[in-house]
Amino acid sequence: MKILLATDGSRFANGAAAFLAHLPHAGKIDLVVLAVTEPVHLHGSDVVMDWIKKNQEAERGRAEEACQSAAAMFEGANVSVECRIVVGHAGRQIVATAKELGADLIVVGAEGHSVVARMLLGSVSDFVATHADCSVLVVRPNKSAGEPSKELHLCIAHDASDSAKRTITQLGAFDWQHHSSIDVVSVISLPFTYMDPPMEFDLEPIRTATEQAVQFSTESLRALTDDVTYHLVEANHVGDAIVRFAKQHNCDVVALGSTGLGLINHLLLGSVANYVLRHADCSIWITRERGQ
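Laid out in structure tokens, this is it:
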């Protein structure tokens with residue numbers, strides 16, 4: 552498995568590296584640790600240019616230190632590590648490097664979700680999650696990062712789409728046995744509940760069909776860990792239901808496909824995945840088939 556880990560030396564990036572380092576993996580991982588330095592477009596006197604040169608050298612030194620610090624977390628693991636430093640726009644360089652490498656997964660750190668953070672649409676993690684053509688793990692600070700002894704609690708959002716099935720396949724690349732508990736969540740979107748009076752529907756056939764469609768995938772997860780529980784939730788808003796479930800059940804990671812069965816299937820990032828990315832306060836694993 553090829554993984555690109557982005558770092559800038561911040562505590563958020565270090566948290567993402569620690570989180571990845573403590574994920575149990577079944578096979579060898581080819582890891583590239585990437586740091587991106589910003590270009591400087593200034594001109595001036597010799598004194599100014601000398602200052603710019605020294606500043607760039609210092610910036611590269613910090614980037615090298617950040618890469619080496621992250622790489623050290625994987626010592627002794629079945630991981631080959633390469634460090635790279637590039638210059639440019641952080642989000643674009645991360646996406647471009649992942650594509651060049653043929654990476655299966657990009658791992659980036661993100662700040663916690665304060666009200667202000669939710670409004671910052673131009674963040675690096677948001678850009679990468681939206682534009683990458685492979686899976687992306689956005690790691691937010693939480694109690695589980697860097698704690699190898701702690702059991703991880705995963706929430707997998709499943710709507711029986713190919714994207715959801717791919718999520719389970721990709722998670723199978725990691726050895727979750729005895730290290731995790733998994734909740735599989737399917738959300739039935741209640742139709743026309745805003746009407747007055749609300750229309751009544753017999754949801755039982757939908758419940759039965761959904762459970763049958765997801766059952767095989769749920770059972771396949773038992774090969775990863777014995778602690779698998781299926782939940783069927785009825786809600787007006789699918790994304791909000793997933794976010795609420797993750798919060799109520801104290802999940803460490805929400806995993807879901809980049810697109811589902813909805814009408815907005817062809818956007819860069821599906822509406823549900825986009826909502827969960829911006830509103831959940833835990834880490835988010837968005838799965839894509841490479842090149843999607």
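Each residue of the sequence shown is one higher than the one before, starting from 552 at the first, in the working numbering. By construction, the Cβ of each residue, glycine as well, lies at the ideal position given by its N, Cα and C atoms.
Taking the beta carbon of residue i as the centre, do at least 16 other beta carbons fall within 10 Å, making it buried, or is it exposed?
i       : result
Gln-511 : No answer is possible for residue 511: the residues shown for the chain start at 552 and end at 843.
Gln-721 : buried
Pro-692 : buried
Arg-562 : exposed
Asn-825 : buried
Gly-808 : buried
Lys-579 : exposed
Ala-557 : buried
Ser-737 : buried
Lys-716 : buried
Val-666 : Because Val-666 sits at a pLDDT of 42, beneath the cut-off of 50, its placement in the model cannot be relied upon, and the point is left open.
Gln-644 : buried
Ser-631 : exposed
Thr-780 : exposed
Ala-614 : buried
Gly-790 : buried
Please look up how many angstroms separate the CB atoms of residue i and residue j, rounded, as I've assumed it's under 8 Å.
i       : j       : result
Arg-841 : Gly-653 : 7 Å
Val-805 : Ala-786 : At roughly 15 Å, the Cβ-Cβ gap does not stay under 8 Å, so Val-805 and Ala-786 are not in contact.
Gly-642 : Val-675 : 5 Å
Gly-560 : Glu-610 : The pair is not a contact, with the Cβ atoms about 11 Å apart (cut-off 8 Å).
Leu-772 : Ile-719 : 6 Å
Ala-577 : Asp-726 : 4 Å
Leu-680 : Ile-837 : In the sequence on display, residue 680 carries Ala and not Leu. Sure, about 6 Å apart at Cβ, within 8 Å.
Ile-733 : Val-658 : Not really, about 20 Å apart at Cβ, beyond 8 Å.
Val-687 : Val-735 : Not confirmed; about 21 Å, so no contact.
Gly-660 : Ala-567 : 4 Å
Gly-639 : Pro-575 : The Cβ separation is near 34 Å, so there is no contact.
Leu-705 : Asp-601 : With 8 Å as the limit, Leu-705 and Asp-601 do not qualify as a contact, their Cβ atoms being about 52 Å apart.
Leu-585 : Phe-625 : The pair is not a contact, with the Cβ atoms about 14 Å apart (cut-off 8 Å).
Whole angstroms are fine: how far does the CA of residue j sit from the CA of residue i?
i       : j       : result
Gly-723 : Glu-762 : 21 Å
Asn-629 : Gln-619 : 17 Å
Leu-828 : Asn-565 : 20 Å
Ala-783 : Ala-792 : At residue 783 the sequence reads Leu, which differs from the Ala that was named. One C-alpha to the other measures close to 11 Å.
Cys-634 : Ala-622 : 8 Å
Ala-774 : Ala-569 : 26 Å
His-903 : Met-552 : The first residue shown for the chain is 552 and the last is 843, placing residue 903 beyond what the model contains.
Phe-796 : Val-637 : 39 Å
His-788 : Ser-740 : 6 Å
Ala-647 : Phe-767 : 36 Å
Ala-711 : Thr-810 : 11 Å
His-730 : Ser-714 : 25 Å
Give the DSSP-derived three-state secondary structure of residue i in the structure shown.
i       : result
His-782 : strand
Cys-618 : helix
Ser-561 : coil
Ser-731 : strand
Leu-556 : strand
Leu-772 : helix
Ser-809 : coil
Leu-741 : coil
Glu-610 : helix
Gly-538 : Nothing can be reported for residue 538: it is not among the residues displayed for the chain, which extend from 552 to 843.
Ser-686 : strand
His-573 : coil
Asp-677 : helix
Gly-627 : coil
Gly-566 : helix
Glu-633 : strand
Which residue marks the beginning of the beta strand (DSSP E) containing residue i, and which one marks its end?
i       : result
Gly-790 : Run containing Gly-790: none in the beta strand (DSSP E); it sits in the alpha helix (DSSP H), 789-799.
His-704 : 703-708
Leu-722 : Where Leu-722 is concerned, there is no enclosing beta strand (DSSP E), although the alpha helix (DSSP H) it sits in stretches over 713-722.
Ala-824 : Element bounds for Ala-824: not the beta strand (DSSP E) but the alpha helix (DSSP H), 822-830.
Ala-586 : 580-588
Gly-660 : 656-660
Indicate whether at least one CB of chain B lies closer than 8 Å to the CB of residue i.
i       : result
Ser-768 : Looking for chain B here will not work: only one protein chain is present.
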